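Colleague: In the numbering used here, the protein residues as written are 58 to 203. Glycine included, every Cβ here is placed at the ideal spot set by N, Cα and C. Only a predicted model underlies this, so the values are computations on that prediction, with no experimental measurement involved.
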């Protein structure tokens, strides 16, 4: 854990979780959440091993495979504003997911989805993205309750 500045500000915390697949045939995921002041930096990617290598998987992941930032809506607007920071030509998963997360948690969301195009194909893509979003929602919900 690192401190935010030297003025005694709130701590910046980083947690990494292994998300075992709930669907046969889909790979496990690793989720890393950096809790900042009124925002979250979230990275989610495919695990290259079991729970014991989650830290290594996150450290070796690609931040810029599909990366977006979203701001929560401010009344009277009901939709989150968002932009892709980096995006592959074949996918735009992070943008829409970041918008949904920002709207739900009312915080700025930096989201990196590190799922290779090969894993998004062959009919696995929607299920894998759904598992990733469920894992992110579960973890952010836990952080919001603290």
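#1: How many angstroms separate the CA atom of residue 85 from the CA atom of residue 101?
#2: What's the gap between the Cα of residue 90 and the Cα of residue 180?
#3: Within this structure, are the beta carbons of residue 129 and residue 163 separated by less than 8 Å?
#4: Determine the contact status of residue 111 and residue 72, defining contact as a CB-CB distance below 8 Å.
#5: Which whole runs of the beta strand (DSSP E) in the stretch 99 to 153 are 3 residues long or more, in chain order?
#6: Cutting at 6 Å between CB atoms, please list the residues of its own chain near residue 96, excluding the five before and the five after it.
Modeller: So, from the listed chains and residues:
#1: Cα-Cα distance, rounded: 11 Å.
#2: C-alpha of residue 90 to C-alpha of residue 180: approximately 27 Å in a straight line.
#3: yes
#4: no
#5: 124 to 128, 138 to 143
#6: Leaving aside the five residues that flank residue 96 on each side, the residues in its chain whose CB is nearer than 6 Å to its CB run, in chain order, 164, 165.
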